[in-house]
Amino acid sequence: MIKTVSTTPYQDQKPGTSGLRKKVPVFAQENYAENFIQSIFDSLEGFEGKTLVIGGDGRYYNREVIQKALKMAAASGFGKVMVGRGGILSTPAASHVIRKYGAFGGIVLSASHNPGGPTEDFGIKYNIGNGGPAPEKITDAIFARTKVIDTYKILDEADVDLDTVGLYALGDMIVEVIDPVKDYADLMESLFDFGAIRSLIGSGFRVVIDSMSAVTGPYAVEILEKRLGAPAGSVRNEVPLPDFGHHHPDPNLVHAKELYDDVMSPQGPDFGAASDGDGDRNMVVGKGMFVTPSDSLAIIAANATCAPGYADGIAGIARSMPTSGAADRVAEKLGIGMYETPTGWKFFGNLLDAGKATVCGEESFGTGSNHVREKDGLWAVLFWLNIIAAKKKSVKEIVEAHWAEYGRNYYSRHDYEEVDTDAANGLVAALREKLNSLPGQSFGALKVEAADDFAYNDPVDGSVSKNQGIRVLFEGGSRVVFRLSGTGTSGATLRLYVERYEPDSSRHDIETQAALADLIAVADEIADIKKRTGRDAPTVIT
Ligand code: VG1
Ligand code: CO
Numbered sequence: 001m002i003k004t005v006s007t008t009p010y011q012d013q014k015p016g017t018s019g020l021r022k023k024v025p026v027f028a029q030e031n032y033a034e035n036f037i038q039s040i041f042d043s044l045e046g047f048e049g050k051t052l053v054i055g056g057d058g059r060y061y062n063r064e065v066i067q068k069a070l071k072m073a074a075a076s077g078f079g080k081v082m083v084g085r086g087g088i089l090s091t092p093a094a095s096h097v098i099r100k101y102g103a104f105g106g107i108v109l110s111a112s113h114n115p116g117g118p119t120e121d122f123g124i125k126y127n128i129g130n131g132g133p134a135p136e137k138i139t140d141a142i143f144a145r146t147k148v149i150d151t152y153k154i155l156d157e158a159d160v161d162l163d164t165v166g167l168y169a170l171g172d173m174i175v176e177v178i179d180p181v182k183d184y185a186d187l188m189e190s191l192f193d194f195g196a197i198r199s200l201i202g203s204g205f206r207v208v209i210d211s212m213s214a215v216t217g218p219y220a221v222e223i224l225e226k227r228l229g230a231p232a233g234s235v236r237n238e239v240p241l242p243d244f245g246h247h248h249p250d251p252n253l254v255h256a257k258e259l260y261d262d263v264m265s266p267q268g269p270d271f272g273a274a275s276d277g278d279g280d281r282n283m284v285v286g287k288g289m290f291v292t293p294s295d296s297l298a299i300i301a302a303n304a305t306c307a308p309g310y311a312d313g314i315a316g317i318a319r320s321m322p323t324s325g326a327a328d329r330v331a332e333k334l335g336i337g338m339y340e341t342p343t344g345w346k347f348f349g350n351l352l353d354a355g356k357a358t359v360c361g362e363e364s365f366g367t368g369s370n371h372v373r374e375k376d377g378l379w380a381v382l383f384w385l386n387i388i389a390a391k392k393k394s395v396k397e398i399v400e401a402h403w404a405e406y407g408r409n410y411y412s413r414h415d416y417e418e419v420d421t422d423a424a425n426g427l428v429a430a431l432r433e434k435l436n437s438l439p440g441q442s443f444g445a446l447k448v449e450a451a452d453d454f455a456y457n458d459p460v461d462g463s464v465s466k467n468q469g470i471r472v473l474f475e476g477g478s479r480v481v482f483r484l485s486g487t488g489t490s491g492a493t494l495r496l497y498v499e500r501y502e503p504d505s506s507r508h509d510i511e512t513q514a515a516l517a518d519l520i521a522v523a524d525e526i527a528d529i530k531k532r533t534g535r536d537a538p539t540v541i542t
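In the working numbering, the protein residues as written are 1 to 542.
Structure, rendered in structure tokens:
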């Protein structure tokens, strides 16, 4: 039976960089999740009888919200929902399932790299039929709807068993519980030379993946241990836990430090990788060499033809604005298109659909391609293994050869987390005021060439996105970028991105923070970071 429930709107359900993210207690308020899910459905047209995909990263509250979403999808007239067993689908796997089965769209339940648990983060994101995050036109419509919604519809039925693969009836709708791993693992096998990677591992090359007790565990075990023959135990923290075992499932040098230290130790593995909560991020570490995400994008693009799925070459590269310009040099050399978009994977969707870009990346440990419409952690790891197997070189050799050929883009991001929201907004407002006066000014040896607030004109649909981050560009190609995070759930997070291009290969082995020290100091001088945030130092440096 379909129930129509009266509800009161919430005013704070604005989707951020990647969907709506809030603390669990916020989501647990009366009708909070229901209002948002109904607002998604109310903003869509023509889904009657069609298929919806639902899955999440297994974090706390995942199962509860999936049951609600299933009953609401049935009440709203979807014909079928495909849901991962146990409510599990990594973000890239959800994207693939939407595409493979021609679904109308999908709901991905995740707060990605943010911690999980009863007082930690939860999130809901809508993906469209191309498998990618809904564009701003749709997220704006959803937000507008959440502010006025007064009823939602839900089926009054018992919960569906999510733990057994099979077909279930829910009112007039079918629920298909699917194996969350198989389709995705098959896709990976179709893109990469599994035979070559198997030989590499068979010859003694030791690979370790840290799934950080998050969603990639089952995927990594199936692919790395079962299909590629790595010894059992090669995947660490492989069981997804609702609280991620109190890990912060963010694969970077701070939160995946143990893995990093292990790979760097002489007895440790040759190659290490980690993923985030929902499986779309990746960190790649080789013995003696941490690969920055910006370099990873450039190196994958430069060596793409090593992988069978990309043997014909790539059409173009896209990167988010704060991501370093390393990939730009590769695009230039290959004579292919290069696109600079705002932060957030949703901006890559049109470029991928139009065939303008084949590989995309973000400095925030995100890399992916046209195989799905999300960034994809394990895909990037497999791409690296494929390149290593094809070139028969170590990560360190591959990265150093790349720098020697293209020059090195020294790069770092400094995050100031949970700072006072007014202070953060004040800092950005003051920077905007200054923009016009900066060009021509010198700070020591650094002279400002240009300064702006990044705006993106989508070359495919003509949409314009303004205020996407403040850029200060110096003569010679160095730059600093300031923006506020759109994924945090308490206070504001200021991100400072710092980059310097160094063509001279005799200067490619400087410690990163040292190589960027003068730029970091100038960024503080221009934006008054320490004074305005009241912080002496960033909380996270990547
Ligand atoms: C951050 C990253 C951005 C990424 C987004 C979602 O956004 O900077 O590059 O696309 O997270 O990633 P923000 O607005 O906090 O800077 V995921 O893996 O965490 O969904
Ligand atoms: Co993520």
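For each residue, glycine too, the CB sits at the ideal point set by N, CA and C.
* Between the stretch 109-127 and the stretch 241-248, are three or more C-beta pairs nearer than 8 Å? -> Yes, since at least three Cβ pairs between the stretch 109-127 and the stretch 241-248 fall closer than 8 Å, the two stretches touch.
* To do: Grab the span of the alpha helix (DSSP H) containing residue 76 for me, first residue to last.
  => 62-76
* Determine, using beta carbons only, whether residue 253 and residue 283 come nearer to each other than 9 Å. => Pairing residue 253 with residue 283 gives a Cβ-Cβ distance under 9 Å.
* To do: Closer than 7 Å by C-beta to residue 373: which residues in its own chain qualify, once you throw out the five before and the five after it? Chain order, please.
  => Only 95, 130, 131, 132, 349, 352 meet the Cβ criterion.
* Indicate whether the contact test is met: 3 or more Cβ pairs, each with one atom in the stretch 491-500 and one in the stretch 382-395, closer than 8 Å. => no
* Asked: So residue 235 packs on residue 263, CB below 8 Å; how close in whole Å?
  -> Their Cβ separation, rounded to whole angstroms, is 15 Å, which puts residue 235 and residue 263 out of contact at 8 Å.
* Asked: Nearest CA to the CA of residue 503: which residue from 399, 403, 518?
  -> Out of 399, 403, 518, 403 has the C-alpha closest to the C-alpha of residue 503.
* Asked: Does residue 387 have its Cβ less than 9 Å from a Cβ in chain D?
  -> Reference to chain D is not applicable here, since this structure consists of a single protein chain.
* Under 9 Å between the Cβ atoms of residue 170 and residue 157? -> yes
* To do: Could you check the C-alpha separation between residue 301 and residue 258 for me, to the nearest Å?
  => Straight-line measurement puts the Cα of residue 258 at about 29 Å from the Cα of residue 301.
* Give the single residue among 453, 194, 184, 248 whose Cα lies nearest to the Cα of residue 218. => 184
* Considering only residues of the same chain and omitting the five flanking positions on each side of residue 62, which have a CB-CB separation below 7 Å? -> Taken in chain order, the residues that qualify are 56, 87, 109.
* Mind checking which residues open and close the beta strand (DSSP E) that includes residue 137? => First-last for residue 137: 136-146, but that is the alpha helix (DSSP H), not the beta strand (DSSP E).
* Asked: When DSSP labels each residue in this structure, what does residue 7 get in the three-state scheme?
  -> coil
* **Cβ-heavy atom distance, residue 561 to the ligand VG1, below 8 Å** => Missing from the structure shown is residue 561; the chain here goes from 1 to 542 and no further.
* **CB contact flag (residue 273, residue 381, <9 Å)** => Yes; because the gap between Cβ atoms is below 9 Å, this pair is in contact.
* Which residues in the same chain as residue 464 place their Cβ atom closer than 8 Å to its Cβ, once the five residues preceding and following it in sequence are excluded? -> Cβ within range, chain order: 455, 456, 457, 458.
* Asked: So which of 93, 155, 91, 10 has the shortest CA-CA distance to residue 73?
  -> 155
* **Residue interval of the beta strand (DSSP E) (run including residue 414)** => 408-419
* Does the count of Cβ pairs from the stretch 413-427 and the stretch 329-337 closer than 8 Å reach three? -> Touching, no.
* Please look up how many angstroms separate the CB atoms of residue 93 and residue 65, rounded, as I've assumed it's under 8 Å. => 18 Å between Cβ atoms; not a contact.
* **Per DSSP, the bridge partner or partners of residue 82** => Residue 82 pairs with 53, 176.
* State yes or no: is the C-beta of residue 358 within less than 9 Å of the C-beta of residue 152? => Residue 152 sits away from residue 358, with the two beta carbons spaced by 9 Å or more.
* Asked: For the beta strand (DSSP E) that residue 41 lies in, which residues bound it at each end?
  -> DSSP places residue 41 outside any beta strand (DSSP E); the residue lies instead in the alpha helix (DSSP H), whose first and last residues are 32-42.
* Asked: Is it right to say residue 527 is buried, meaning 16 or more other beta carbons lie within 10 angstroms of its own, or is it exposed?
  -> buried
* Asked: Closer than 8 Å: is that where the CB of residue 489 sits relative to any heavy atom of the ligand CO?
  -> no
* Please confirm whether any heavy atom of the ligand VG1 lies closer than 8 Å to the CB of residue 113. => yes
* Given a threshold of 16 other Cβ atoms within 10 Å of its Cβ, counted over all protein chains shown, does residue 210 qualify as buried or as exposed? -> buried
* Going by C-alpha distance, which of 492, 147, 52 is nearest residue 420? -> 492
* Asked: From residue 280 to residue 229, what distance separates their C-alpha atoms?
  -> Cα to Cα, residue 280 sits roughly 23 Å from residue 229.
* To do: Using DSSP bridges, identify the partner residues of residue 368.
  => 360
* Asked: Excluding sequence positions up to five away, which residues of its chain have a Cβ less than 6 Å from the Cβ of residue 338?
  -> 317, 328, 331
* Neighbourhood of residue 14 by C-beta, 7 Å cutoff - its chain only, sequence neighbours within 5 removed -> 143
* Asked: residue 436: buried (16+ other C-beta within 10 angstroms of its C-beta) or exposed?
  -> A residue is called buried once 16 or more other Cβ atoms fall within 10 Å of its Cβ, and residue 436, having fewer, is exposed.
* **Bridge partner(s) assigned by DSSP for residue 486** => Partner(s): none; residue 486 has no beta bridge.
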